[in-house]
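Chains A and B supply the protein sequences, listed in that same order.
Okay, so the first sequence: first residue is 1 according to the UniProt record's numbering, each after it adds one.
Okay, so the second sequence: first residue is 1 according to the UniProt record's numbering, each after it adds one.
Cβ atoms here follow ideal geometry from the backbone N, Cα and C, with glycine treated the same way.
Small disclaimer: the values here were computed from a predicted structure and weren't measured.
One structure is given here, and the rest of the page talks about it.
There are 2 protein chains.
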Amino acid sequence: MVESRKPISIAQAVNKVMEYKLAGQVEWVSLEESQHRFLAQDITATHDVPHFNRSPYDGFALRSKDTIEASVHGPLKFEVVEELAAGMVSTVPVQQNQAVRIMTGAQMPAGCDAVIMLELTKELDIDGRKYISFKRSLKEGENVSFQGEDARLGDILVKKGAYINPGIIGLLATFGYAEVPVAVKPVIGLFATGSELLDANEPLQPGKIRNSNSPAISAQIRRAGGEVRYYGKLKDEFETTYTAISKALEEVDLLITTGGVSVGDFDLLPDVYQKLGADVLFNKVAMRPGSVTTVAVYQNKFLFGLSGNPSACYVGFELFARPIIRTMLFSEQPHLRKETAQLAKDVLKPNPFTRLLRTQLYYESSQLKVTPSGVDKSNITTSLAGANSLTVLPGGTRNFRSGDTVDILLLEDQQGSKCPW
Amino acid sequence: MVESRKPISIAQAVNKVMEYKLAGQVEWVSLEESQHRFLAQDITATHDVPHFNRSPYDGFALRSKDTIEASVHGPLKFEVVEELAAGMVSTVPVQQNQAVRIMTGAQMPAGCDAVIMLELTKELDIDGRKYISFKRSLKEGENVSFQGEDARLGDILVKKGAYINPGIIGLLATFGYAEVPVAVKPVIGLFATGSELLDANEPLQPGKIRNSNSPAISAQIRRAGGEVRYYGKLKDEFETTYTAISKALEEVDLLITTGGVSVGDFDLLPDVYQKLGADVLFNKVAMRPGSVTTVAVYQNKFLFGLSGNPSACYVGFELFARPIIRTMLFSEQPHLRKETAQLAKDVLKPNPFTRLLRTQLYYESSQLKVTPSGVDKSNITTSLAGANSLTVLPGGTRNFRSGDTVDILLLEDQQGSKCPW
Chain A
1 MVESRKPISI AQAVNKVMEY KLAGQVEWVS LEESQHRFLA QDITATHDVP
51 HFNRSPYDGF ALRSKDTIEA SVHGPLKFEV VEELAAGMVS TVPVQQNQAV
101 RIMTGAQMPA GCDAVIMLEL TKELDIDGRK YISFKRSLKE GENVSFQGED
151 ARLGDILVKK GAYINPGIIG LLATFGYAEV PVAVKPVIGL FATGSELLDA
201 NEPLQPGKIR NSNSPAISAQ IRRAGGEVRY YGKLKDEFET TYTAISKALE
251 EVDLLITTGG VSVGDFDLLP DVYQKLGADV LFNKVAMRPG SVTTVAVYQN
301 KFLFGLSGNP SACYVGFELF ARPIIRTMLF SEQPHLRKET AQLAKDVLKP
351 NPFTRLLRTQ LYYESSQLKV TPSGVDKSNI TTSLAGANSL TVLPGGTRNF
401 RSGDTVDILL LEDQQGSKCP W
Chain B
1 MVESRKPISI AQAVNKVMEY KLAGQVEWVS LEESQHRFLA QDITATHDVP
51 HFNRSPYDGF ALRSKDTIEA SVHGPLKFEV VEELAAGMVS TVPVQQNQAV
101 RIMTGAQMPA GCDAVIMLEL TKELDIDGRK YISFKRSLKE GENVSFQGED
151 ARLGDILVKK GAYINPGIIG LLATFGYAEV PVAVKPVIGL FATGSELLDA
201 NEPLQPGKIR NSNSPAISAQ IRRAGGEVRY YGKLKDEFET TYTAISKALE
251 EVDLLITTGG VSVGDFDLLP DVYQKLGADV LFNKVAMRPG SVTTVAVYQN
301 KFLFGLSGNP SACYVGFELF ARPIIRTMLF SEQPHLRKET AQLAKDVLKP
351 NPFTRLLRTQ LYYESSQLKV TPSGVDKSNI TTSLAGANSL TVLPGGTRNF
401 RSGDTVDILL LEDQQGSKCP W
């Protein structure tokens, strides 16, 4: 029997999923552990930057009003009364025609309002005392970095939802965030279904293949920012499957199964959703690959029934599960980032459904270009490995030609889109 | 005293560094742990894909020669003698006018050479026996995926040096790589110098600032694929510094210090290199920021003296240390990936040295565009956090205008360049 399912558009399917808002949670981790996590709060400046007036150069701090008379023909000579490395503060009040040796980054001595660069001075030793001579006058504030010049206490520096990169780590350190508020990783449960599946460490057997979906989806979950809970393989047996899924649902935010959602005689998931009383949002999407993707909601938790086909499984995850995970990571752009690019090869097989081509995005003369990553024989196997983007080809009768502008979705990107559909 | 140093070009500096080839090493980790690591060997197909003839559809397997007479006006009726889920193998020899119910992915039964899709058949029950009727003939091989069609035993699927993404994880699982040969992470030692530095968890003090370089560089090391060994802060005291550095060198592949390489009175590193007898490759590079970057080699280990200025430190690491790390990770493109983009804002301060502007790369109408990430006030502080690229502006007297094509180096990219200089 062929069950008849009504396909809905990708946009409709995405909207149905995104109607359910799962809230993110905050946890505090060490600065080091915060790398590759997502900020759960805006980060604000906890003090001015610089937080004191400081010298941006190696040189001598002095009072500008003492330097008015300096010129090439009338150099001035100041006594050096103190030496300040970065981190030191002055202890001697600077008097008229005195200077303080100051290193880059050191705090300006009280009373001084300008710095003359080291290169513009000549150092002298007179009777065991240090002097400098120089030939130009300085203006008030010359070569001084003033408190608050770069940032003010309370400025919002990075918005919540941001992916924490090395630059943000530096910023967090600057402002004393030894502990960082990050989003708790959503826990994503994962089952594989299909009696034909062997584990990666098992030898091949006639008629069987290795389970590549579970490891790949696990990696996709981690890339999206989630935590994987892998429950293993389900037998093609209804009661076992039902019990395992009911139990797992209590432990996760979102539960993914791969395989078993089609209309084959061993596809049990539709019946499991029914017995649970889950609200099936859709069970067919007008897209290739991945048309049998099913999403259901039960007690505010998502059940994802992804196709057993590796490409369909991969695409179904990225379009529908990733935005849920990223929303729980406080992102305001939880979807795959959408851009446009120029197609570099003809794609000549029209399809009534929207196609999501596995593609390699590359740059040529400041232009974005895409080419299918699975064209010739062995590329079919490696097309997911080589894909850094999905190219969206609208359904219909038209062919797509090299040079056409097409929409693409970026797979290895942290920026995202509000909604690409 | 101002020590006179002779600046060399970035290209010369990079070439001097890359002359020293540090060899990578292999270790085997579990499939799960291999994510975000780098392949230490080419990955080859350990079997054909598919490794048996299989059905790409739900349907019925049969012998094409039995179907020749089928037509709209003369449908044929075949008995269904067995049912094969994926993973099962046939046990009943198929005779004339018999068929086997076959699910997507199942192995073709012996004797069958074609599959008729489920949708094109009608199932009948006659005296408790199952039959199908259908109205068209099939060609030999129709709807069969043949062994080796997608990949052949021995095909090279992914080259060594590749960054392991979810697609590659799937591929490794398919071919039974439960353990994966990855590059051992180079161990990068790290010291901070400067008495002005506070740790992120310390309260501010007059004249002092928090150490942001060590956390940021640590994050850069991890992003590049290395492992960090942080040794803490060095006092501005020669013997302590010398001893600490000598000892650390025994434990790491590359040792980074931040600060202390300039010509300030407390910059001790040049004397440390001298006492060690290290070969100083350069101590001044014609670039902004980072001109005081120093690289020395001692007993086939690198000593990196990076500037204490956060931007200079960041850039010095990416230009000179990253390619060493990536080379040890078996990459043939160890440098930051170089592309061109259109400048979106005027940059009007010419500089005799090559500038590396912290920039935000973005896309607009299939075009690569860059804009400085540190223009207005508070952006100065956040410019590293917001940068995903460095824009290379050649030294000289010219201004750069919006619309100019410029070279850029990508910071958050795994592809790299052979040599961008």
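Quick one: Cα of residue i to Cα of residue j, how far?
i: E149 of chain A; j: H51 of chain A; result: 9 Å
i: V2 of chain A; j: K122 of chain B; result: For V2 of chain A, the predicted model reports a pLDDT of 46, less than 50, meaning its position is unreliable; a value from the coordinates is still stated below. Straight-line Cα distance between these residues: approximately 10 Å.
i: V14 of chain B; j: A244 of chain B; result: 27 Å
i: T327 of chain B; j: P394 of chain A; result: 42 Å
i: M108 of chain A; j: S55 of chain A; result: 6 Å
i: I156 of chain B; j: P289 of chain A; result: 26 Å
i: E140 of chain B; j: I116 of chain B; result: 11 Å
i: T258 of chain A; j: E250 of chain B; result: 49 Å
i: L197 of chain A; j: K235 of chain A; result: 10 Å
i: T104 of chain A; j: T405 of chain A; result: 52 Å
i: Y230 of chain B; j: S307 of chain A; result: 46 Å
i: S246 of chain B; j: F302 of chain A; result: 56 Å
i: L356 of chain A; j: L409 of chain A; result: 9 Å
i: E332 of chain B; j: G225 of chain B; result: 14 Å
i: E119 of chain B; j: L138 of chain B; result: 14 Å
i: E237 of chain B; j: V295 of chain B; result: 21 Å
i: N213 of chain B; j: L348 of chain B; result: 29 Å
i: P93 of chain B; j: E179 of chain B; result: 39 Å
i: Y242 of chain B; j: D407 of chain A; result: 57 Å
i: F60 of chain A; j: R222 of chain A; result: 53 Å
i: A286 of chain A; j: C313 of chain A; result: 15 Å
Residue i and residue j look like a contact to me (Cβ under 8 Å); what is the Cβ gap, rounded to whole Å?
i: N53 of chain A; j: V144 of chain A; result: 6 Å
i: G167 of chain A; j: A341 of chain B; result: About 19 Å; that fails the 8 Å criterion.
i: Y298 of chain A; j: L268 of chain A; result: Contact doesn't hold; Cβ gap of about 16 Å is too wide.
i: I188 of chain B; j: D253 of chain B; result: 7 Å
i: K16 of chain A; j: F282 of chain A; result: 6 Å
i: A99 of chain B; j: F78 of chain B; result: 4 Å
In three-state DSSP terms, what is residue i?
i: I324 of chain A; result: helix
i: I8 of chain A; result: strand
i: F302 of chain A; result: strand
i: I217 of chain B; result: helix
i: T381 of chain B; result: helix
i: Q147 of chain A; result: coil
i: M1 of chain B; result: Low local confidence applies: a pLDDT of 40 at M1 of chain B is under 50, so the model's placement there is unreliable, with the coordinate-based value given in what follows. It is coil, neither helix nor strand.
i: S34 of chain B; result: helix
i: V92 of chain B; result: coil
i: P50 of chain B; result: coil
i: F282 of chain B; result: strand
i: L138 of chain A; result: coil
i: I169 of chain B; result: helix
i: A13 of chain B; result: helix
i: K77 of chain B; result: strand
i: E412 of chain A; result: coil
Got a sec, what are the start and stop residues for the beta strand (DSSP E) residue i sits in?
i: D232 of chain B; result: For the sequence presented, residue 232 of chain B should be read as Gly rather than Asp. 227-234 is the span of the beta strand (DSSP E), which, as asked, contains G232 of chain B.
i: A341 of chain A; result: 337-343
i: P181 of chain B; result: 179-183
i: L157 of chain A; result: 156-158
i: I126 of chain A; result: 121-126
Since residue i sits in a beta bridge, which residues does DSSP pair it with?
i: R401 of chain B; result: Its beta-bridge partners do not exist; DSSP assigns none.
i: A192 of chain B; result: B:K233, B:T258
i: residue 426 of chain B; result: Past the edges of chain B, shown from 1 to 421, lies residue 426 of chain B, and the structure says nothing about it.
i: V100 of chain A; result: A:A61, A:E82
i: L392 of chain A; result: According to the sequence shown, residue 392 of chain A is Val rather than Leu. Paired residues: A:L356, A:D407.
i: E332 of chain B; result: Paired residues: none, contrary to the question.
i: E27 of chain A; result: A:V182
i: Y362 of chain A; result: A:K369
i: S246 of chain A; result: According to DSSP, S246 of chain A bridges with nothing at all.
i: Q107 of chain B; result: B:R54
i: A114 of chain B; result: B:L62
i: S417 of chain B; result: B:H335
I need the boundaries of the alpha helix (DSSP H) containing residue i, first residue and last residue.
i: V292 of chain B; result: Careful: V292 of chain B lies outside any alpha helix (DSSP H) and carries neither H nor E.
i: Y131 of chain B; result: It is not in any alpha helix (DSSP H) - Y131 of chain B instead sits in the beta strand (DSSP E) that spans 129-134.
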